[in-house]
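Below: one structure, written as structure tokens.
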Ligand code: ADP
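Okay, here's the thing in structure tokens:
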């Protein structure tokens, strides 16, 4: 049976760290579904459409990666699309504490769900979307932290 994992996140924007986790996920799973979380009450820097477009461009030549959006709880998405594996990346002990709580709560809500964590490679452990948004806000060049295949200037924030 095909092994599938959902890789959820806000991806505002998608970074080299995210790209690495998704690609490394493909060594464990046959297919990865990158799921961009959408929260109508939370303002993002890039619109949902831009975030989806960026990730779809990154993986345009990777048929084993699908990109979707969702609103609400990740476990509800898992039920809806019948996927029981959630892939997440771990950078720091702070990530671990956060992910432990989320992972345990997800399992309590949906027993079949298993969270799978990949440790970030050292060169990506300080890359995060918040810093990239800050660089963009101040007209800096964040390209070294973004997937090679995208030119962020083509994806203007709203
Ligand atoms: P969220 O808003 O749900 O935390 P993010 O978009 O920030 O989502 O991140 C999605 C997932 O990618 C999380 O598991 C996060 O730990 C992981 N991640 C974020 N940045 C990196 C990075 N530089 N290297 C590896 N994993 C990362």
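In the numbering used here, the protein residues as written are 1322 to 1479. Glycine included, each C-beta is placed from N, C-alpha and C at the ideal position.
Could you tell me whether the segment 1357-1372 touches the segment 1399-1411, where touching means 3 or more Cβ pairs closer than 8 Å? no
According to DSSP, what are the bridge partners of residue 1352? 1325
Taking C-beta to C-beta, are residue 1389 and residue 1356 nearer than 8 Å? yes
I'd like the span of the alpha helix (DSSP H) that includes residue 1345, first residue to last. 1337-1346
For ligand 1, any of its heavy atoms closer than 7 Å to the Cβ of residue 1331? yes
Checking the sheet assignment: what are the DSSP bridge partners for residue 1397? For residue 1397, which the question treats as bridged, DSSP gives no partner whatsoever.
Got a sec, what are the start and stop residues for the alpha helix (DSSP H) residue 1414 sits in? 1414-1430
Counterpart residues of residue 1435 in DSSP-defined beta bridges: 1406
Beta strand (DSSP E) segment containing residue 1388, residue limits: 1386-1392
Return yes when the C-beta of residue 1432 is under 7 Å from any heavy atom of ligand 3, and no when it is not. The model on display carries ligand 1 but not ligand 3.
Reference residue 1326; option with closest CA among 1334, 1337, 1335, 1345: 1345
Since residue 1452 is in the alpha helix (DSSP H), which residue starts that stretch and which ends it? 1450-1458
By Cβ distance below 7 Å, which residues in the same chain neighbour residue 1340 in space, the five residues on each side in sequence not counted? 1379, 1468
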